[in-house]
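2 protein chains.
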Amino acid sequence: MEMPDQIRLQNKKIRMTSQRSTILEVLKSLRTHPTADQVYEIVKKRLPKISIGTVYRNLDMLSRLGLIKKINVGTPQMRFDGRTEEHYHVVCNRCGKVEDVEINDDFDPFRKLHKAISHRTGFEIKALEINMVGICPDCVKRGNLPLED
Amino acid sequence: MEMPDQIRLQNKKIRMTSQRSTILEVLKSLRTHPTADQVYEIVKKRLPKISIGTVYRNLDMLSRLGLIKKINVGTPQMRFDGRTEEHYHVVCNRCGKVEDVEINDDFDPFRKLHKAISHRTGFEIKALEINMVGICPDCVKRGNLPLED
DNA sequence: ATATATGCAAAGACTTTGCTATCGA
DNA sequence: TCGATAGCAAAGTCTTTGCATATAT
Chain A
1 MEMPDQIRLQ
11 NKKIRMTSQR
21 STILEVLKSL
31 RTHPTADQVY
41 EIVKKRLPKI
51 SIGTVYRNLD
61 MLSRLGLIKK
71 INVGTPQMRF
81 DGRTEEHYHV
91 VCNRCGKVED
101 VEINDDFDPF
111 RKLHKAISHR
121 TGFEIKALEI
131 NMVGICPDCV
141 KRGNLPLED
Chain B
150 MEMPDQIRLQ
160 NKKIRMTSQR
170 STILEVLKSL
180 RTHPTADQVY
190 EIVKKRLPKI
200 SIGTVYRNLD
210 MLSRLGLIKK
220 INVGTPQMRF
230 DGRTEEHYHV
240 VCNRCGKVED
250 VEINDDFDPF
260 RKLHKAISHR
270 TGFEIKALEI
280 NMVGICPDCV
290 KRGNLPLED
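So the protein sequences, as listed, match chains A and B. Under this note's numbering, the final residue of the first sequence carries the number 149; numbering is consecutive throughout. Under this note's numbering, the final residue of the second sequence carries the number 298; numbering is consecutive throughout.
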């Protein structure tokens, strides 16, 4: 996975390291939404000496650079997403699964929210953080109980 | 603030204590979205011996009972909201302000999402957690920088 | 009376950071 | 070369929990 040269962040030159590129590759190859610790476990298979602090620092930097997204699904742990296009998530409150909601021109009930909410509140809306929390089809079938009880 | 008698949670009788009722009263009286620590500071003025652990335990219990809501605006700290009707928040990423988005019959761009997303994903959607992140009018005026930089 | 809740302090979970050595451009 | 990054371990922040005491019903 290559990165454009000479990126700067807060006036510092960003350097490509094996740790950073591996973390980016891993996230781009997944369609899941791992926690920092899960990224660490995966990357450690390729770079056994990597430390969790490096993982956190790189996840933070990559998301500041806009190469990945840091997402929040209502749990204490942040999750990371290799998809950077605007999209939304459904979260199962029984098994914890997080799935993307695919949107396209025929199906984008979110886009119009920007304007409506800006007008309503006077905020300049930059991002919608939308989690739809419910029960995934598998958990419905199995009658699983909510996680939190 | 009174609580109905003989509530049970997980087969245990819920008891009303001064700590619990004070926390509930405080939250119901605020239109802000305080952190647990902010609730603690406010409640301590009335009950100086209360401990932070009690505040956390009661905030958790009151939200399990549906008397308050625990909300997550994308920051590491949970926030608490005395309004339990379905509503949404705008979050300023410069000053951290969290405001309610008032909805009514003429303005509820969210309600239709339930059905659309259920149909799209196969999830039984129970709740929409929507934070609109942007810049509040004051921060636009003052040219404030984002919090995270 | 007794099960539930409190206060306190310790522990837990997750994340950040200081420091020295190493590495990339 | 030399400034940016890594590894390590310690510290930080927020939240939960074990235990003895107090309290609501």
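Glycine residues also receive a C-beta, built at the ideal position from the N, C-alpha and C atoms.
Buried or exposed for residue i, going by 16 or more other Cβ atoms inside 10 Å?
i	result
lysine 198 of chain B	exposed
lysine 13 of chain A	exposed
proline 225 of chain B	exposed
asparagine 242 of chain B	buried
serine 212 of chain B	buried
glutamate 86 of chain A	exposed
asparagine 160 of chain B	exposed
proline 137 of chain A	exposed
glutamate 102 of chain A	exposed
glycine 134 of chain A	buried
arginine 8 of chain A	exposed
aspartate 230 of chain B	buried
glutamate 129 of chain A	buried
threonine 171 of chain B	buried
phenylalanine 107 of chain A	exposed
threonine 233 of chain B	exposed
lysine 218 of chain B	buried
asparagine 207 of chain B	buried
threonine 166 of chain B	exposed
Please name the residue or residues paired with residue i in a DSSP beta bridge.
i	result
valine 250 of chain B	B:Tyr237
aspartate 230 of chain B	B:Lys218
glutamate 129 of chain A	B:Asn280
leucine 158 of chain B	B:Lys161
phenylalanine 107 of chain A	A:Asn104
What residues from chain A crowd round residue i, counting only those whose CB sits closer than 7 Å?
i	result
asparagine 280 of chain B	Glu129
isoleucine 266 of chain B	Val90, Val101 and Met132
Using beta carbons (cut-off 8 Å, strictly below), is residue i in contact with chain B?
i	result
cysteine 136 of chain A	yes
valine 98 of chain A	no
valine 140 of chain A	yes
methionine 1 of chain A	Confidence at methionine 1 of chain A is low in this model, with a pLDDT of 48, below 50, so its placement is unreliable and no value can be given for it.
Looking at chain A, is there any beta carbon in it that lies within less than 8 Å of the beta carbon of residue i?
i	result
isoleucine 274 of chain B	yes
glutamate 185 of chain B	What sits at residue 185 of chain B in the sequence shown is alanine, not glutamate. So, not an interface residue.
asparagine 221 of chain B	yes
lysine 261 of chain B	yes
Give me the chain B residues within the contact set of residue i, using Cβ-Cβ distance strictly less than 7 Å, ordered along the chain.
i	result
arginine 120 of chain A	Val250 and Phe256
valine 43 of chain A	Residues of chain B passing the Cβ test: none, with the nearest at roughly 23 Å.
Kindly list, in the order they appear in chain A, the residues whose Cβ is closer than 9 Å to that of residue i.
i	result
leucine 211 of chain B	Simply none; closest approach about 14 Å.
Residues of chain B with a CB under 9 Å from the CB of residue i: which are they?
i	result
valine 55 of chain A	None at all; the shortest Cβ gap to chain B is about 17 Å.
Determine which residues of the segment 77-92 of chain A have a Cβ less than 9 Å from any Cβ of chain B, and write them out in chain order. Under the 9 Å Cβ criterion, the segment 77-92 of chain A contributes Met78, Tyr88, Val90, Val91 and Cys92.
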